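Everything below concerns the one structure shown next.
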Amino acid sequence: MLDNHCIHINEAITEEERDEHKAHPDQPISSYDFVYLPMDFNNKCNVGYGFVNMTSPEAAWRLYKAFHLQRWEIFNSHKICQITYARVQGLEDLKEHFKSSKFPCEAELYLPVVFSPPRDGKQLTGPVSININDCTGLNNIHHLEPFDGPDHSVG
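In this note's numbering, the protein residues as written are 124 to 278.
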């Protein structure tokens, strides 16, 4: 979903730059460099919220305009998407905040991840786990593997 959003927005920015009447040569692209989706392991699904760090205020605004108050129709859900600003802002502050956290998870692949360089829909950087206290309370801990599962993106 995030990759599809970024590539769609970035293609539109590129098209605008080609039109000399709408040129925005310093327009930052949409990309993200941090994702964390807390999981409910009893119900085997996301708890209903997540953390995404867009790499510029413009990119965050574009994400807001695209998804805020939209129906979350995937998986027959009746939920409405709400985009809000987090108390902790920016990649370095997010890494520092989550570094001291403990996560009730089954494997490292459920931990917060960083993308460097940021993902923009074309550059599909693999996730890197941040240095944190890792999973707690569960015995089955695995090493983080690059995301190569099925594409659950929403177009």
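Every residue, glycine too, gets a C-beta built ideally from N, C-alpha and C. Small disclaimer: the values here were computed from a predicted structure and weren't measured.
- Annotated three-state conformation of residue 210 is coil, per DSSP.
- Taking C-beta atoms as the reference points, residue 242 and residue 155 count as a pair closer than 7 angstroms.
- A direct Cα-to-Cα measurement between residue 203 and residue 228 gives close to 26 angstroms.
- Between the segment 149–168 and the segment 232–239, the count of Cβ pairs shorter than 8 angstroms is three or higher; the stretches touch.
- In this structure, DSSP gives residue 199 a helical state, which the three-state scheme calls helix.
- The residue from 179, 187, 226 and 225 with its alpha-carbon nearest to that of residue 214 is 179.
- According to the DSSP assignment, residue 151 belongs to no alpha helix (DSSP H), since it is labelled neither H nor E.
- Considering only 133, 223 and 232, the residue with the shortest C-alpha distance to residue 181 is 133.
- Under DSSP, residue 177 forms a beta bridge with 155.
- Boundaries for residue 250: no beta strand (DSSP E) harbours it, and the DSSP string shows neither H nor E there.
- Counted as a single uninterrupted DSSP element, the beta strand (DSSP E) harbouring residue 237 occupies residues 236–242.
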